[in-house]
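Written out below as structure tokens is the structure these notes cover.
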Amino acid sequence: MVASPLIYGGLGAAREPGMRHKALERSGLPASPGLVRFNGGAMVVGGVALALGIKPKLAAFGLATSITATTLVGHAFWREEDEAARKNQSIQFYKNAAILGGLLLEIVS
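Just so you know, we're using the working numbering here: the sequence shown kicks off at 1 and counts up by one.
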């Protein structure tokens with residue numbers, strides 16, 4: 001189920017924005033814990049809606065938008081100088097890309 005990692009990750013971001021907030025700061029974008037919490041909440045709401053079949057195409061579109069931004073900002077492995085960090089971020093990047101693929105399938109089906 002494509003919604004479960006989004007719900008889980010969204011809950012983590014909403015409850016504990018610290019690490020994600022730092023990634024946002026490093027990206028050079030305006031950073032606030034509130035923005036991280038909002039994104040996390042949106043992922044939870046969208047994930048629950050998708051899992052329950054409530055407006056699934058709209059939920060998938062919102063989640064696709066959110067995960068794209070999250071992936072490009074939070075998992076920019078090409079910026080990492082440390083090899084272990086680069087590998088970890090690339091794994092997260094490609095995992096999110098796979099989830100995005102599932103969301104896109106939902107949108108077009």
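Glycine included, C-beta positions come from ideal geometry on N, C-alpha and C.
Just so you know, these numbers come straight off a predicted model, no measurement behind them.
- Straight across, the Cα-Cα distance linking L63 with G34 is about 18 Å.
- Contact between A49 and A59 is confirmed by a C-beta separation of about 4 Å, below the 8 Å threshold.
- Take the alpha-carbon of L29 and the one of G74: they are about 11 Å apart.
- Nearest Cα to L105 within the set A84, M43, P56: P56.
- Only buried fits V44, as 16 or more other CB atoms lie within 10 angstroms of its CB.
- Annotation for I91: the continuous alpha helix (DSSP H) segment containing it runs 83-108.
- Annotated three-state conformation of E25 is helix, per DSSP.
- With respect to the C-alpha of R37, the residue from S109, N96, G18 having the closest C-alpha is G18.
- In this structure, the alpha-carbon of R86 lies about 14 Å from that of K95.
- F61 and D82 have their alpha carbons spaced roughly 34 Å apart.
- At a cut-off of 4 residues, the continuous stretches assigned as alpha helix (DSSP H) that sit fully inside the segment 22-61 are 33-52.
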